[in-house]
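Residue numbers 9 to 169, in my numbering, belong to the letters of the sequence shown in order.
Just so it is clear, CB atoms sit at the ideal spot from N, CA and C, and this is done for glycine as well.
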Amino acid sequence: MAKQIKTNVMRLLEQHSVPYTEHHYFGNDVESGMDVAKKMGNNPQQQFKTLVTSGKSGEHYVFVIPVNRELDLKKAARAVNEKSAAMIKEKDLLPLTGYVHGGCSPIGMKKQFETVFHHTAKTLNTIIFSAGKVGVSVEVSTKELNDLFPFDYADIIKHSF
9 MAKQIKTNVM RLLEQHSVPY TEHHYFGNDV ESGMDVAKKM GNNPQQQFKT LVTSGKSGEH
69 YVFVIPVNRE LDLKKAARAV NEKSAAMIKE KDLLPLTGYV HGGCSPIGMK KQFETVFHHT
129 AKTLNTIIFS AGKVGVSVEV STKELNDLFP FDYADIIKHS F
């Protein structure tokens, strides 16, 4: 049996006694967070993706939303008191956060940026997000996460009509 790889996210959770459950998928036939949720057998409303933006002020912000939703940049900017926000370029993700596209986690970044979770996260017992490596996720209670680092909740997704 192959030795399980511990990610920095897992080490950080263990260091702070935050219980978690690992989720994995294998292969590279995923194109979206929805594909990840499906491959892992997870509810897409419980599987979250981590998005990094830059505000008009030049500050960076992290938004964590369900994989089946799209970030509303206007709502996101309002949630962090910015005039506007834009997604950072994929090539800037690794140097800024220490994570690659598809493996970005809201915890364990090089620097802790102001973070906002979509408000549905507080209605769930646990949420699932990247463990900092493509193909590996962790399931954690948001109550436990709140003890690890500060974050807010807001309505930051586009609504389809």
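Go ahead and label residue i buried or exposed: buried means 16 or more other beta carbons lie within 10 angstroms of its beta carbon, across all protein chains shown.
i      : result
Gln23  : exposed
Met9   : With a pLDDT of 43 at Met9, under the threshold of 50, the predicted position of this residue should be treated as unreliable, though the coordinate-derived value follows. So Met9 counts as exposed.
Gly140 : buried
Arg77  : buried
Asn65  : Residue identity check: residue 65 is Ser in the sequence provided, not Asn. Burial call: exposed.
His32  : exposed
His126 : buried
Compute the beta-carbon to beta-carbon distance between residue i and residue j, rounded to the nearest angstrom, for a pair I have assumed lies under 8 Å.
i      : j     : result
Asp160 : Ala87 : 7 Å
Thr61  : Ile96 : 6 Å
Just to confirm my understanding: we take residue i, look at its own chain, exclude 5 residues before and 5 after, and list those with CB closer than 7 Å. What are they?
i      : result
Lys11  : Legend: pLDDT at Lys11 = 49, less than 50; position of this residue unreliable, value from coordinates given subsequently. Closer than 7 Å at Cβ, skipping near neighbours: no residue.
Phe121 : His68, Tyr69 and Val70
Only counting the same chain, and skipping five residues up and downstream in sequence, which positions put a Cβ closer than 8 Å to that of residue i?
i      : result
Thr123 : Tyr69, Val70, Phe71, Val72, Pro114, Phe157, Pro158, Phe159 and Asp160
Val108 : Leu101, Leu102 and Val142
Can you name the start and end residues of the beta strand (DSSP E) that residue i belongs to?
i      : result
Val70  : His68 to Pro74
Asp160 : Asp160 to Ala162
Met95  : Ala93 to Met95
Glu30  : Thr29 to His32
Lys130 : Unbroken run through Lys130: none, as it is neither H nor E.
Could you please give the first and the last residue of the uninterrupted alpha helix (DSSP H) stretch that includes residue i?
i      : result
Lys166 : Per DSSP, Lys166 belongs to no alpha helix (DSSP H) and is neither H nor E.
Val200 : Shown here, the chain extends from 9 to 169; a query on residue 200 therefore has no answer.
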